[in-house]
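S.K.: In my numbering, the protein residues as written are 18 to 279.
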Amino acid sequence: MSVLDEIIDGVRADLAERQARVSLDELKERAARAPQAKDGVAALRGEGVTVICEVKRSSPSKGALAAIADPAALAADYEAGGASVISVLTEERRFGGSLADLEAVRAKVDIPVLRKDFIVTSYQLWEARAYGADLALLIVAALDQEALVSLIERAESIGLTPLVEAHDEEEAERALDAGAKIIGVNARNLKDLKVDRSTFERVAPEIPDHIVKVAESGVRGPHDLIAYANAGADAVLVGESLVTGRDPRAAVADLVAAGAHP
């Protein structure tokens, strides 16, 4: 069993517990009261290369990264540094996240917020909207094509912008066929957790220019952002290097400055 399969098994178990506590109708009522979702595509189509900054306590590959007692304060620092979107991990077992983190961040910042999780059912999309997300991650490797198409359509129907994640050319093609408007190319292979920054260079040429291309994983500083920009990235997603650094706001500002003139 791959790491991805193990994570999804845990996600499904935790999901079943939440579904037993909160009905879909309750989620839909809460989502109906949420502010109108912000435009994720427009946020990432800024001048130069835009930056998605992540609230991330831990990861399967590195274990604990940062305590992050106040995710909202961290998100505010990201926004002050010039981030275009805030990504919030909500998976609990491997990443130490929660829907409470998502809710707290949404209440603090004015820019779009991405729910980053292993979404396998429409219930999780309603959760994302109910807790204030504007975008939701959908991982091609975690879904068959019918489910991918269905979840993209459902996300868009309730106001969410899907960020569809691929790890190779075949998955990028599946994302395109399913109607993705934003495709993230993850340099980290979720089956063995190894990072290969050349993945984006291989996959990006297969993605048309009208699709927003996001480079995920492997951004340690401005030099990596510039390398991804040269390979065609419209945006980068950065997490680990920010939460483990001394001054997240300054680090984001450095990335944003590099992205303005890549």
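Positions of the beta carbon are idealized from the N, C-alpha and C atoms, including for glycine.
#1: Are the region 48-59 and the region 160-173 touching by the rule of at least three beta carbon pairs closer than 8 Å?
#2: In the DSSP assignment, find the beta strand (DSSP E) that holds R74 and state where it starts and stops.
#3: V202 and E182: beta carbons closer than 9 Å?
#4: When you compare only the Cα positions, how much space is there between S234 and L116?
#5: I need the boundaries of the alpha helix (DSSP H) containing K125, first residue and last residue.
#6: So does A86 have its beta carbon nearer than 8 Å to some heavy atom of the ligand MG?
#7: Does DSSP classify P129 as helix, strand or coil?
#8: Hey, A252 and L61 are a contact pair by Cβ (cut 8 Å); roughly how many whole angstroms apart?
#9: Excluding the five sequence neighbours on either side, which residues of its own chain have a C-beta within less than 6 Å of the C-beta of A221, listed in chain order?
#10: Which class does K230 belong to by DSSP, given the choice of helix, strand or coil?
#11: From R146, P129, S258 and V212, pick the residue whose C-alpha is nearest to that of I103; which is it?
#12: Does DSSP put E182 in a helix, in a strand, or in coil?
#13: How many whole angstroms separate the CB atoms of A153 and R132, which I take to be in contact at a CB cut-off of 8 Å?
#14: Expressed to the nearest angstrom, what Euclidean distance is found between the alpha-carbon atoms of V66 and P239?
#15: Can you name, in chain order, every residue of its own chain whose Cβ lies under 6 Å from the Cβ of E96, other than the five neighbours on each side?
#16: For A86 and R214, I'd like the C-alpha separation in whole angstroms.
#17: In the DSSP assignment, find the unbroken beta strand (DSSP E) run with N203 in it and report its ends.
#18: Would you say G57 and L272 are within 9 Å of each other, going by their C-beta atoms?
#19: How is I85 classed by DSSP in three states: helix, strand or coil?
#20: If you run the structure through DSSP and keep just helix, strand and coil, what is L154?
#21: Nearest to A274 by CA position, among E64, L44 and I136, is which residue?
M.R.: According to the data block:
#1: No: the two stretches stay apart, fewer than three of their Cβ pairs being nearer than 8 Å.
#2: That residue, R74, is in no beta strand (DSSP E); it is neither H nor E in DSSP.
#3: yes
#4: 23 Å
#5: L116 to K125
#6: The ligand MG is absent from the structure shown, which contains no ligands of any kind.
#7: coil
#8: 5 Å
#9: K230, A248 and G249
#10: The three-state secondary structure of K230, taken from DSSP, is strand.
#11: P129
#12: strand
#13: 5 Å
#14: 11 Å
#15: V126 and I128
#16: Approximately 31 Å, taken between the alpha carbons.
#17: I199 to N203
#18: no
#19: coil
#20: strand
#21: Nearest C-alpha to A274: E64.
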